Structure formats: structure tokens, C-alpha cells
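**Q**
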Amino acid sequence: MEAADAATSTEVERAELAGELGLCELALHKYRDAAEHLARSLEQREALPEALQQRFEAGQRNAAPHVARLVLGVDPPDAEVLVDGQRIGRTARTYTLFFEPGQHMVRGRATGCKDALHSLRAVAGAEHEFTMPLLCAAASGAKGTATATPTPVRALPPPRAQAPSPWASWPGTLRVVGITLATGTVSTGAILMISASKLDQDMSARRDQLMTDPGSSSSMCWQAPERSPCGELRRLRDARNLSDRVGMALVITGGVIGAATAASFFTDFSFLGRTPAQERVNVSPVVTGHERGVRIEGVW
161 MEAADAATST EVERAELAGE LGLCELALHK YRDAAEHLAR SLEQREALPE
211 ALQQRFEAGQ RNAAPHVARL VLGVDPPDAE VLVDGQRIGR TARTYTLFFE
261 PGQHMVRGRA TGCKDALHSL RAVAGAEHEF TMPLLCAAAS GAKGTATATP
311 TPVRALPPPR AQAPSPWASW PGTLRVVGIT LATGTVSTGA ILMISASKLD
361 QDMSARRDQL MTDPGSSSSM CWQAPERSPC GELRRLRDAR NLSDRVGMAL
411 VITGGVIGAA TAASFFTDFS FLGRTPAQER VNVSPVVTGH ERGVRIEGVW
């Protein structure tokens with residue numbers, strides 16, 4: 161009787177410790193570790209007081225939107241499971257695993273079996289499920305050695321789309337508008353500046369032609385009428401100055417819009433209720449047996 165009470169007390173302590181650790185990790189924004197420890201604690205929910213159950217369940221609900229949940233079936237059940245090259249540390253027929261959003265590699269291996277690999281693109285807030293069979297040599301009295309037929313992979317239907325928040329799409333829309341405005345204003349400004357250069361050339365040619373007239377002087381255009389050659393020269397000068405100023409203003413404006421748009425790709429919108437990992441460019445190293453480099457991912 162005392163041994164049973166001691167075992168129950170130990171289970172309660174372990175469940176409570178795992179839950180409190182998960183809440184601490186949640187406060188530190190370590191969502192994957194928090195979800196894993198809270199789930200492990202709630203596996204022993206019957207041994208926990210109701211108040212602790214409610215605290216740990218609330219923590220699990222807060223962590224869930226930031227991680228992907230995978231229910232993984234393994235055949236044979238004693239196979240070793242590795243996630244991104246790291247051993248799970250326990251064997252079971254079914255695992256419940258949590259992932260940060262992004263690309264991950266799940267591997268199963270067992271003695272006498274061919275390794276099974278599965279590439280998983282984890283989506284925050286989504287639930288995935290599949291079975292990973294290993295091809296093993298099986299003894300057969302009639303034909304000697306045969307190969308086990310793999311169990312087909314079964315995946316859950318795509319997660320139901322949740323209602324987007326008011327801020328769910330406006331950054332991407334503004335980025336498209338910003339790129340369009342930057343391109344349009346810079347292009348228009350460049351055209352106006354080219355036009356100003358052409359007008360300057362025309363004005364120089366008209367001025368040189370006017371100065372070659374024997375009757376011309378340096379003061380002849382001071383009080384010249386509008387329809388005289390000097391009046392035409394003034395109109396060309398005004399048109400050149402206007403095109404040059406407007407063109408320069410548009411180029412500068414387009415540059416500012418372009419710089420602001422580029423900066424938005426690296427801006428954290430989490431203060432508006434968004435998930436930062438989904439809104440920023442993510443750069444992660446990749447090292448495998450066949451390739452080395454970096455993976456750059458972003459959603460906009």
C-alpha cells in the first residue's frame with residue numbers, strides 16, 4: 161500500500177513539475193518546449209488537482225497557435241525515431257510531437273529494417289498525422305525471406321481555416337502597393353528628368369542660333385514680347401526647370417517608398433497580434449549528407 165502511494169506521489173510530482181516548467185517556457189516564448197512539457201503533464205491529468213489542470217490546459221491553449229502538432233505512428237513500434245537528427249529518447253507506437261513552423265525531417269530506423277524518412281513542413285496552429293512504416297525483412301516458411309508491405313501514409317485533411325484577424329492581410333497588400341508606387345514614381349521621375357535634359361539641349365541650340373544673329377545683343381531679351389525668339393527661349397527654360405524639379409522630387413519620393421517597403425520585410429508585426437515567424441524572412445542553415453547552405457523563407 162505504501163509503495164503504491166509513493167508511486168502515485170511521484171507521478172503527481174513529475175506531472176506538476178513538467179506543467180510548471182511548460183508555463184515558464186511559455187512566458188519565455190519557447191513555445192515548442194512549452195507545448196511538449198504541458199502535454200506531457202496533462203497525460204497524467206487524473207493525478208493533478210483540478211486547479212493545476214486548468215492552469216496547464218490554459219497554457220497549452222496559449223502555446224498551440226505558435227507550434228505545429230504531429231501525431232506520428234511508427235511500425236514496428238520499437239523503431240527509433242529522430243527529428244532533425246535528434247533522438248526522441250523513448251519508444252512507442254504513437255508519438256505526439258510539436259514543431260516550430262518550418263521544414264523538418266523525421267527519420268525512423270530499426271535493426272534489420274530500411275530507414276524511413278518523411279519531410280514535414282510544419283504550419284503554426286495546424287495538426288498533422290501520418291504513419292511511418294519501415295521496410296523490414298520478414299521470415300516466411302514457404303519463400304524464405306520476403307519484404308513487408310508498407311502501410312500507406314495517412315494524412316489528416318488540411319486544417320480548417322481560422323477567421324483572419326483584422327491585420328491578417330494588410331502588410332502584404334501595402335507591400336505590393338509600395339513596390340508599385342516606388343516603381344511608378346521613380347520611372348516617371350526619370351522620364352521627366354530625361355525630358356528636362358532634352359529641353360536644355362533645345363534651349364542651348366536656340367540660344368546659340370539667336371546669338372549668331374548680327375543684330376543680337378546681351379540685353380535684347382530683357383523686354384522681348386512673348387511671341388519673339390526670346391519669349392520662346394524663356395518658355396523652354398521654364399519647361400526645363402519644371403520638368404527637372406518635378407522629376408527629381410518623384411525620384412526621391414520613389415526611393416523613400418522603396419526603402420520603407422524593403423524595411424517592412426524585416427519588421428516584426430507581433431505587436432498587432434500577428435505571428436512574427438510568419439511575417440518575417442527566416443534564414444536557417446542546412447547541412448545534410450548531400451548539400452550545405454542556407455534556406456531563406458518568407459511570407460508576404
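So the sequence shown is numbered by this note's numbering: it starts at 161 and just counts up by one. Positions of the beta carbon are idealized from the N, C-alpha and C atoms, including for glycine. Keep in mind that this is a model prediction, so the values were computed, not measured.
By how many angstroms is the C-alpha of Ser347 removed from the C-alpha of Ile339?
**A** The alpha-carbon atoms of Ile339 and Ser347 are separated by roughly 12 Å.
**Q** Can you list, in chain order, the residues of its chain with a C-beta nearer than 6 Å to that of Leu242? Leave out the 5 residues immediately preceding and following it.
**A** So the list reads Arg267, once near-sequence residues are dropped.
**Q** Looking only at its own chain, which residues have a Cβ that is under 6 Å from the Cβ of Gln263, when we skip the five neighbours before and after it?
**A** Arg281
**Q** Note down the Cα distance separating Ala299 from Asp275, rounded to an integer number of angstroms.
**A** Since pLDDT at Ala299 reaches only 38, below the 50 mark, its modelled position is unreliable, and no value is offered.
**Q** Below 6 Å CB to CB, which residues in the same chain sit around Gly414 once its five sequence neighbours on both sides are set aside?
**A** Only residues of its own chain outside the window of five on either side were considered, and among them Ala342, Thr345 and Val346 have a CB closer than 6 Å to the CB of Gly414, listed in chain order.
**Q** List, from N- to C-terminal side, the beta strand (DSSP E) runs of 3 residues or more that fit wholly inside the region 213 to 271.
**A** 228 to 235, 240 to 243, 254 to 259 and 262 to 269
**Q** Would DSSP call Leu294 helix, strand or coil?
**A** coil
**Q** Can you look up Ala276 in the DSSP assignment and give me helix, strand or coil?
**A** strand
**Q** In this structure, does DSSP put Glu289 in helix, strand or coil?
**A** strand
**Q** Would Tyr191 pass as a contact of Ala223 if the rule is Cβ separation under 7 Å?
**A** yes
**Q** Where does Gln220 land, buried or exposed, given buried means 16+ other C-beta within 10 angstroms?
**A** buried
**Q** At a cut of 8 Å, does the region 395 to 413 reach the region 354 to 367 through at least three beta carbon pairs?
**A** They touch, by the three-pair rule.
**Q** Using a Cβ-Cβ cut-off of 6 Å (strictly less than) and excluding sequence neighbours within five positions of Gly301, which residues of its own chain qualify?
**A** Its pLDDT being 39, under 50, Gly301 is placed unreliably in this model, and the value from its coordinates should be taken loosely. Within the same chain, Gly301 has no close Cβ partners at all.
**Q** Name the residue from Arg253, Thr421, Glu196 and Ala399 whose alpha carbon lies nearest to the alpha carbon of Glu217.
**A** It is Glu196 whose Cα lies nearest to the Cα of Glu217.
**Q** Assign Ala282 to one of three DSSP states: helix, strand, or coil.
**A** strand
**Q** Tell me the rounded alpha-carbon separation between Ala284 and Glu260.
**A** 7 Å
**Q** Quick one: using the 10 Å Cβ neighbour count with 16 as the cut-off for buried, is Phe258 buried or exposed?
**A** buried
**Q** Mind checking whether Val172 and Ala194 have CB atoms under 7 Å apart?
**A** no
**Q** Around the C-beta of Thr291, are 16 or more other C-beta atoms found within 10 angstroms, so that it is buried, or is it exposed?
**A** buried
**Q** Find the nearest neighbour of Leu277 within the set Ile417, Leu232 and Leu410, judged by alpha-carbon distance.
**A** Leu232
**Q** Please report the Cβ distance between Arg367 and Leu334, rounded to the nearest whole angstrom; I am assuming they are in contact, meaning their Cβ atoms lie under 8 Å.
**A** So it is not a contact: roughly 48 Å between Cβ atoms.
**Q** Starting from Ala207, follow the alpha helix (DSSP H) in both directions and report where the run begins and ends.
**A** Careful: Ala207 lies outside any alpha helix (DSSP H) and carries neither H nor E.
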